[in-house]
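Under numbering that gives the first Met the number 0, the sequence shown has 23 at position 24, and the numbering climbs by one with no breaks.
Glycine included, C-beta positions come from ideal geometry on N, C-alpha and C.
In what follows, a single structure is set out as structure tokens and then discussed.
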Amino acid sequence: MRESAYIINIKLEHVKECWPVKESADEIRELVLSTGCSIKGEDICRLKKVNPHCFIGEGKVQEIALEAKGSDVVIFSHDLSAAQQQNIEDVAGIKTIDRTQLILDVFARHARSSEGKLQVELAQLNYLLPRLKGKGIMLSRLGGGIGTRGPGEKKLEIDRRKIRRRIEKLKEELESVKSRRLSLRKKRKQNEIPLVVLIGYTNAGKTTLLNALTDSTQASSESMFTTLDPVSRIYTLPSRQKIIFADTVGFLNDLPYHLIDSFRATLEEINEADLILHVLDISHHLTEKRKEAVYSVLNDLGVHDKKIITVFNKIDKAEHIDRDILSFRYPDSVFISALKSTGISGLVEKIKEALSFYESWLNLFVPDSKISILEMLGEENIIERKPGAGGVYIKARVPLKIRENFCQKLKS
Ligand code: GDP
Ligand code: MG
């Protein structure tokens, strides 16, 4: 059965937050919907100072309890301490969850790779452990539904001793998954396949773009975080250069710092990238702010000096935008509509350019007896072709891997 949620948007008057309350409210609403909950109502709570007992005033909690009557869960847009959470539940008599727990629930629903699932479960159990003190984990909260689901709809363990054991086990498993991933990376390096990572705000259109690029059928949807885990796809450029595209988790406003840590491994792939495609929804009124948020997370992850192509997406929805100014400000940018497949070939050209160090010149003579192997180079890549005695002189620009294979065949 669909749970119904009542949302409390917190605005701390003494904290200068960079996101307007309306923007944060939009985001929380979308997060809640993407957990499968329906929204019964919402309220904004402006606070001059935090009440240590219930975060908001006790009177306000009672008010909320009335307004939220009939809802299954009250969701705070802000993090709460274990005690505050418990106290609110006691006063309101309704299951209460905070921002971190909400995000973890969304992550849990959408984790797909084994590493992502382990990371999510670990973060969830670390979150729950200190909340098991006292009255045996607010049994109401663990009664089911939002905040209690592990990855893959598995129910979370609630026995403290078992949780501790499970946490140890998860850490071990993560180590072994990591080493497997490292060996995969090595393989990729050996094969000299460049890695292009798509990053950007959630809902910017990363998955849609990946589909447009690789013409495949991975699901994309309005619901956030359908791509928590890096999902990789292979694509072959017209030059026959193979590329691995990896989709990543979407960024969001003020991702709690402790969650960035938990998901560092998921985002680590960014550090491995030969090229980053930063996808931005140009039709969104806060495009610029979102761009800054992404760059600040990149900074947190220690990503510097990487080649980034800025992909302004959804131009079909943003005819009013002055492209000249943006192109001037972002020389490495393209304007596309992933949905309508507009501008994709220009993007592919830019990607090819950016990865040109994976290519090299080939200047040689191919005897008639070997003429059939010319096919390996690809017509597109052959720049010049001059007939000579008993063969042909070739000038071509080809991917390193193809060059290597070609030269071997030529010698054999
Ligand atoms: P992601 O979270 O970055 O992976 O975003 P998605 O690829 O899931 O896209 C989010 C929503 O934006 C979906 O409803 C897409 O259909 C829509 N979308 C993506 N690209 C475009 C575009 O170029 N134009 C329009 N109008 N909508 C788009
Ligand atoms: Mg996606």
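Examine the ligand GDP and report whether any of its heavy atoms sits within less than 6 Å of the Cβ of residue i.
i, result
"residue 304", "no"
"residue 313", "yes"
"residue 202", "yes"
"residue 309", "no"
"residue 345", "no"
"residue 34", "no"
"residue 338", "yes"
"residue 21", "no"
"residue 249", "yes"
"residue 48", "no"
"residue 207", "yes"
"residue 316", "yes"
Go ahead and pull the three-state DSSP assignment for residue i.
i, result
"residue 26", "helix"
"residue 12", "coil"
"residue 210", "helix"
"residue 227", "Summary for residue 227: the model assigns pLDDT 42, below 50, so the residue's position carries little reliability, and this model does not support an answer."
"residue 251", "coil"
"residue 277", "strand"
"residue 410", "helix"
"residue 3", "strand"
"residue 329", "coil"
"residue 121", "helix"
"residue 149", "coil"
"residue 395", "strand"
"residue 134", "Residue placement at residue 134 is poorly supported in this model, since its pLDDT is 48, which falls under 50; the coordinates still yield a value, given next. Coil at residue 134, not helix or strand."
"residue 128", "helix"
"residue 184", "helix"
"residue 371", "helix"
"residue 288", "helix"
"residue 197", "strand"
"residue 93", "coil"
"residue 232", "strand"
"residue 320", "coil"
"residue 103", "helix"
"residue 299", "helix"
"residue 345", "helix"
"residue 114", "helix"
"residue 282", "coil"
"residue 170", "helix"
"residue 268", "helix"
"residue 363", "strand"
"residue 175", "helix"
Among the options, which one has its Cα closest to the Cα of residue i?
i, options, result
"residue 71", "106, 340, 145 and 236", "145"
"residue 81", "403, 66 and 100", "100"
"residue 372", "410, 309, 201 and 387", "410"
"residue 103", "288, 247, 255 and 178", "255"
"residue 208", "356, 329, 325 and 312", "312"
"residue 41", "47, 50 and 67", "67"
"residue 364", "352, 388 and 347", "388"
"residue 316", "327, 336, 309 and 304", "336"
"residue 131", "119, 154, 160 and 105", "160"
"residue 282", "291, 302 and 334", "334"
"residue 412", "7, 181 and 272", "Because the chain in this structure spans residues 0 to 411, residue 412 falls outside the shown range and cannot be described."
"residue 60", "23, 308 and 6", "6"
"residue 276", "308, 31, 270 and 28", "308"
"residue 240", "348, 362, 201 and 342", "348"
"residue 329", "247, 338, 250 and 306", "306"
"residue 48", "37, 14 and 210", "14"
"residue 75", "31, 318 and 115", "31"
"residue 291", "195, 318 and 200", "200"
"residue 269", "258, 73 and 243", "243"
"residue 35", "332, 327, 148 and 385", "148"
"residue 127", "114, 153, 151 and 162", "162"
"residue 397", "378, 65 and 327", "378"
"residue 406", "374, 382 and 58", "374"
"residue 304", "318, 288 and 274", "274"
"residue 122", "158, 86 and 170", "170"
"residue 107", "151, 1, 288 and 54", "151"
"residue 198", "310, 156, 166 and 212", "310"
Could you tell me whether any non-hydrogen atom of the ligand PLP is closer than 6 Å to the CB of residue i?
i, result
"residue 213", "As far as ligands go, the structure on display features the ligand GDP and the ligand MG and does not contain the ligand PLP."
**Request:** With a floor of 3 residues, list each beta strand (DSSP E) that falls wholly inside the stretch 50–89, ordered by position along the chain.
**Result:** If only uninterrupted beta strand (DSSP E) runs of at least 3 residues are considered, those enclosed by the stretch 50–89 are 72–75.
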